[in-house]
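Protein chains in written order, with my numbering: chain A, -11 to 730; chain B, -11 to 730. Where is the CB? At the ideal position from N, CA and C, for every residue including glycine.
Protein chains: 2
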Amino acid sequence: MIISNLFWAVPVASVVALGFAYYFFKQMMKEDEGTDTMKKIALYVRKGAMAYLKQQYKIVSIVFVVLAIVFAVMAYFNLQNAWVPFAFLTGGFFSGLAGFFGMKTATYASARTANAAKNSLNSGLKVAFRSGAVMGLTVVGLALLDISAWYLILDHFVDNADPAHKMIFITTTMLTFGMGASTQALFARVGGGIYTKAADVGADLVGKVEAGIPEDDPRNPATIADNVGDNVGDVAGMGADLYESYAGSILATAALGASAFMLTPEMQFKAVLAPMLIASVGVVLSIIGIFLVKTKEGAKMKQLLSALGRGVNVSSLLIAISTFGILYVLQIQNWVGVSFSVIVGLVAGIIIGQATEYYTSHSYRPTQRVAESSKTGPATVIISGLGLGMISTAIPVITISLAIIFAYLSAIQFDTANFLSAQNLSLGLYGIGIAAVGMLSTLGITLATDAYGPIADNAGGNAEMSGLGKEVRQRTDALDALGNTTAATGKGFAIGSAALTALALLASYIEEIKIALVRIADAASDGLAKVGSEMLTADAIKVASFSDFMEFYNVTLMNPLVLVGVFIGAMMAFLFCGLTMNAVGRAAQSMVEEVRRQFREIKGIMEGEAEPDYARCVEISTKGAQREMLFPSILAILVPIVVGVLFGVGGVLGLLIGGLGAGFVLAIFMANSGGAWDNAKKYIEDGNLGGKGSDNHKATVVGDTVGDPFKDTSGPSLNILIKLMSMVSIVMAGLTVAFSLF
Amino acid sequence: MIISNLFWAVPVASVVALGFAYYFFKQMMKEDEGTDTMKKIALYVRKGAMAYLKQQYKIVSIVFVVLAIVFAVMAYFNLQNAWVPFAFLTGGFFSGLAGFFGMKTATYASARTANAAKNSLNSGLKVAFRSGAVMGLTVVGLALLDISAWYLILDHFVDNADPAHKMIFITTTMLTFGMGASTQALFARVGGGIYTKAADVGADLVGKVEAGIPEDDPRNPATIADNVGDNVGDVAGMGADLYESYAGSILATAALGASAFMLTPEMQFKAVLAPMLIASVGVVLSIIGIFLVKTKEGAKMKQLLSALGRGVNVSSLLIAISTFGILYVLQIQNWVGVSFSVIVGLVAGIIIGQATEYYTSHSYRPTQRVAESSKTGPATVIISGLGLGMISTAIPVITISLAIIFAYLSAIQFDTANFLSAQNLSLGLYGIGIAAVGMLSTLGITLATDAYGPIADNAGGNAEMSGLGKEVRQRTDALDALGNTTAATGKGFAIGSAALTALALLASYIEEIKIALVRIADAASDGLAKVGSEMLTADAIKVASFSDFMEFYNVTLMNPLVLVGVFIGAMMAFLFCGLTMNAVGRAAQSMVEEVRRQFREIKGIMEGEAEPDYARCVEISTKGAQREMLFPSILAILVPIVVGVLFGVGGVLGLLIGGLGAGFVLAIFMANSGGAWDNAKKYIEDGNLGGKGSDNHKATVVGDTVGDPFKDTSGPSLNILIKLMSMVSIVMAGLTVAFSLF
């Protein structure tokens, strides 16, 4: 009884998170927005960003409606359950909402941050960071709200005599709202990523390189579009992305728990509850951490960084301790071991974050070496940056590999003979899932440290365009640089958790295949369903383990269907990146032409006597992004379906593993190469190797431009691609089982 | 009786190939080497190349001796059989020999080609192509010699009462000479690749970009090193590489045949013989094809291309027809189906080659678009080239995927219920292996069309340095351009066959695990060996199928050890590329500094009054390549061993699949991006978009420079990496089984 009451901690944590988000938002709104020029510029950016989101949501809505209809038709033909279309739609809606709120906050905060930075670095940090916290808390609050609401609804309405299978039904159905979130996130990341980089590349190529005017110069027609881009890409895109990661890891783990403890309903409920409770406690600890972030007046860069670090570290430490408490109170089977799995996840996230920082910060040799390679021109900058990114994949991959092994081994029972027994496999996969939850449990604060970066960036843009003077700009630059470092850690968590969650989703896929087969057997006149090469009854299917399914469908590394799946999965990661890279290239091209046209045709721009046509550039970016985002995104949805029908369950599992393996490594490579190029340029701008304007600087600008789509479009989209392909496979499992050729 | 006599066709074909190679070599040597300057330059290049090879072989010999000792120790401790060290050494020796002969021929041929080009394009083609044919025929001749010699030796000396297991023993032991070839090939590709690109990038960056002098200008101190590089990288490296591919595909298929038909010794012998016979007949058909390559005097580019195409196409068509004949005569089980598998391989190779041409030739839109992106500077050239390369992976991957499925389905028996039954799995994998043999059966001529490219390139260098006049240079350039196109097709075959061979090697790995386990069981006092979580007798192990082994070791996609293996495999592909990219960067850096130093310190170079110190540049490239090649190559050998010990059989299979999936796609991406950048530059040099010297041209030179290590160092090395990791796993199987943690 007491245990089931613990569930209410989840909606309470959700309300607390949203309440604090609202409080921080109000606090921020009380700040002064500065001069009329500052207000005007902020308004331009806000309008542009909202116009973009409106356009984006229109197109995405169409996709959602089409998919919801497909699911409804599937439900009608008994290929899926009737809750799916609704769960899918709400997942998409909430994910979009998280991005929307985050962006609204960010666009209100930028001028206020710039204005506060007039007083001191510290005031600027406070406004920007608290605004970032709005985003962090909104994301976790909405996710927990969605999760608890759906749990209550399904628990109430689903009619199933057998409580164990009811729980499996509930948790796998809830995964479909994860698919809604993934779909929304993919569009947000891809669309926003194309938008922001088209504007950025366009603005830089003509402004910085050709016309020789500084970044964010108001004479550059693309400068408003560039600032809008930071909001729609880095804020709205990231919000939707991490909403999906967060909800996805909790839901996948809950589904694994439901299946691992199928035979003991009470333990099953606890296992489903555990990830939700860890996340809920994490919310409270994140808020504590957020309040810990403050510095004395006159603090220096290092102190700022340690202030942020303190917040994150205290939250992480507390959640590590609390995990033991939560799992002890729950009295979950092997609670000490499972707690260690959570901590393995947390530690792995931190190591990956540190490695990312090492490879991308110009305080360390790797990025400095990229900067030094500028002495022999842009080509060697590119070669060394690519080399760095590829080499930098080693530590994260080894870390995640060890995390998988340790999280698995911590969660299993060692008294059985075989650590890969059917029972242990379920328990171990649950351990891997809950490690992902551990990694993301402090998302409330880690996302705050991540989201405040673009706000500081925009504040800098506002300061520059409003002519606020060098000192203010230097402060916002310092905040921005700080944001780059914390963003590196954030990316580590995002990539690492994506890999672990995707692994957990593999198991959910099998679970969903099982449910679909039971549905088929129940409907069949002879009560049998075809499972691989055998015919089984519903009861036989229900008791089959993961290992049994691996055997039924011959999902071994010798099965050519699995191998083909692996090839196609690896290819998908590259193809998707190639398509988004080219999309940025094309969209940037139109931007470059427009900016050149304006410089040519509007007399007096360069003298500052005429105002450029900012709106036209915003429009070009918006249209370009909308046009270009559709094909890669739809491909990501269609390929798992096609592979399922052509190559069956083995093919799909191969696809997911191939996509995960290659995609994970490719994502790290692209993020780190991009980050290193960015900071190699900043290193030279700080006065090293000839400083700004030197040939070396120009060479690193080329690197930075190439890095833009790497780190802000293609790279981060891969995280979502990996999970979306899993989600699609899960939702379409019924189709695969019914119509697969093999 | 008649059947076993057919074996003698293999050594005969070997002798025929080597005989014709010698004949073409003599023919080439009869040509006039031209003026004294031409001879002098050719001598410089020849000396530099030989000095490099000598140095390379010295270092590689040490590695070989160390590894041979390791194998001997393993044999002593019953972890491997006693033939392994010797087979390993000969594989390395012959692979090196193929590279050596090819390079010797190429360095004699370049001045002769330039001299012949004085008369006509056609004469130039003839000399260059026949010299390429020396290389092609030497590679296939030596491979068949090595194969037949070892077969005869082992057949004579191996003492095994049971003929079926004797054949399995023979074929798997012969695979270790494949490991020798792979190791040699990896060093040759990596060392040669670093050498050639360090020299090329160094020469271009200072010569073309900074000093503004043309390619191959004798005033450039790095120009001899650059020409040496073409020989050691593109000729010697490619020779060793394809020797390994060719021998590897035949040996892997023979091993699969031995295992698939284990129960019917007569059929087993036929299945082992089939790939060797197809290859032998392919040799004769290649020679016919080589004689078909001739044009009328005054032929134009298009006619030249169609002349080459005719040779290759006729050989391919004839081998397709002959395959049916060979397999009919052998009366191999399901001979029609297996013949179709061979043809599937041939067709897949051709499609991949065509796709490569489409994406990398400037006659088509993709590369033209890369050229057009130069309008907005080098950054967009890089972005669009990377995008093109990533997108270009789709067709080859889909082609190979379909080839795997079709080759598998053609070779299996449909009268059984399950197409994945243990018996069908063996047959199907044999089908996949023999598809690779089909793809490479005409290597004699396809390699000739590939190897003549660098010869023409060097002829151009010689013509330029000897001041032979514009017309000659134009002709050698035309030959070089033709070579680029045929090289694209050649790369398609190399990559495609690597993927198929690597798949076949997976099965050989299981076979070798089996043999190692039998050895352990035989030696154990209780006659049992630990197989996964079970204890089995030698007899039980002998009759276990691939599927049984998948079950013993739980090699499914849910096993965390397998998943970790996949991650590490994918990472290895990237890490290896990153290391080789950086190696090129560093080696090029020293070259740039040396060239700058010479321009600065040796007065009168630019006026042509003083001769630059060519030898110093050759030395720098040599040292740089030797220093840089060791770490990545040794890593490739060590990682499979470490993974085997830490994560066991499942981990190794995951590693191989992950490395294959990611490595295959990454290799295509890098090869095609590199090719497209090269040809985008050539497109502009042909007078488009502003032509040579324009800003657009400069932007594409940056792309070309980045592309150099992509297409000539990292990309092609990946082919070998994939197979070497499999080979190492196979040879070290005994170690894995005896000491693995899991």
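For residue 48 of chain A, the CB contacts under 6 angstroms within the same chain, skipping 5 residues up- and downstream, are 175 in chain order. Residue pairing for residue 544 of chain B: DSSP places it in a beta bridge opposite A:544. For chain A, the residues of the region 345 to 369 of chain B that bring a beta carbon within less than 7 angstroms of one of its beta carbons are 361, 364, 365, 366, 367 and 368, in chain order. In this structure the region 30 to 46 of chain A does not touch the region 114 to 134 of chain A; the number of beta carbon pairs closer than 8 angstroms is below three.
Take the alpha-carbon of residue 661 of chain A and the one of residue 172 of chain A: they are about 27 angstroms apart. Distance from residue 428 of chain B to residue 481 of chain B at the Cβ level is roughly 7 angstroms; contact confirmed, criterion being Cβ atoms closer than 8 angstroms. At a cut-off of 8 angstroms, the C-beta of residue 605 of chain A has no neighbouring C-beta in chain B. Residue 461 of chain B counts as buried, since no fewer than 16 other beta carbons sit within 10 angstroms of its beta carbon. Note that the region 689 to 701 of chain B touches the region 665 to 673 of chain B; at least 3 beta-carbon pairs, one per stretch, sit closer than 8 angstroms.
By the CB criterion at 8 angstroms, residue 84 of chain A and residue 228 of chain A fall inside the cutoff. Taking the Cβ atoms as the reference, residue 562 of chain A lies roughly 5 angstroms from residue 653 of chain B, within the contact range of under 8 angstroms. With contacts defined as CB atoms closer than 8 angstroms, residue 198 of chain A and residue 677 of chain A fail to qualify as a contacting pair.
Contacts with chain A (Cβ-Cβ distance below 8 angstroms) from the region 535 to 547 of chain B involve 535, 538, 539, 542, 543, 544, 545, 546 and 547, listed in chain order.
The continuous beta strand (DSSP E) containing residue 519 of chain A extends over residues 516 to 519.
In this structure, residue 158 of chain B and residue 139 of chain B form a Cβ contact; the two beta carbons are roughly 7 angstroms apart against a cut-off of 8 angstroms. Within a 10 Å sphere around the beta-carbon of residue 204 of chain A sit 16 or more other beta-carbons, which makes this residue buried. Contacts between residue 393 of chain A and chain B, judged by CB atoms closer than 7 angstroms, involve 548 and 552 in chain order.
The straight-line gap separating the alpha-carbon atoms of residue 241 of chain B and residue 330 of chain B is approximately 12 angstroms. Among the CB atoms of chain A, one or more fall inside 8 angstroms of the CB of residue 396 of chain B.
At least 8 angstroms separates the CB of residue 221 of chain B from every CB of chain A. According to DSSP, residue 522 of chain A shares a beta bridge with A:519.
Residue 579 of chain A carries a helical assignment under DSSP once its states are collapsed to helix, strand and coil. Residue 610 of chain B is positioned such that its CB atom lies no closer than 8 angstroms to that of residue 697 of chain B. Annotation: the continuous alpha helix (DSSP H) that includes residue 32 of chain B extends over 24 to 64.
If you look at residue 263 of chain A, you'll find it in the alpha helix (DSSP H) that goes 253 to 280.
Excluding its 5 nearest sequence neighbours in each direction, residue 253 of chain A has C-beta neighbours in its own chain below 8 angstroms: 151, 152 and 155, listed in chain order.
Taking C-beta separations shorter than 7 angstroms and ignoring five residues to either side along the sequence, the partners of residue 655 of chain B in its chain run 483, 703, 706 and 707, following chain order.
Residue state for residue 685 of chain B is assigned as helix, using DSSP reduced to three classes. Only residues of its own chain outside the window of five on either side were considered, and among them 103 have a CB closer than 6 angstroms to the CB of residue 20 of chain A, listed in chain order. When DSSP states are grouped into helix, strand and coil, residue 594 of chain B belongs to the coil group.
From the listed residues A:625, A:721, A:110 and A:570, the smallest Cα separation to residue 367 of chain B is found for A:570. In this structure residue 273 of chain B touches residue 306 of chain B by the C-beta definition: roughly 5 angstroms separates them, less than 8 angstroms. Residues of chain B with a Cβ closer than 7 angstroms to the Cβ of residue 650 of chain A are, in chain order, 558, 649, 650 and 653.
Around the beta-carbon of residue 188 of chain B, 16 or more other beta-carbon atoms lie within 10 Å, marking it buried. Bounds of the alpha helix (DSSP H) holding residue 370 of chain B are 366 to 379. Within the same chain, 540, 541 and 542 come within 7 angstroms of residue 520 of chain A by CB-CB distance, once the 5 residues on both sides are set aside.
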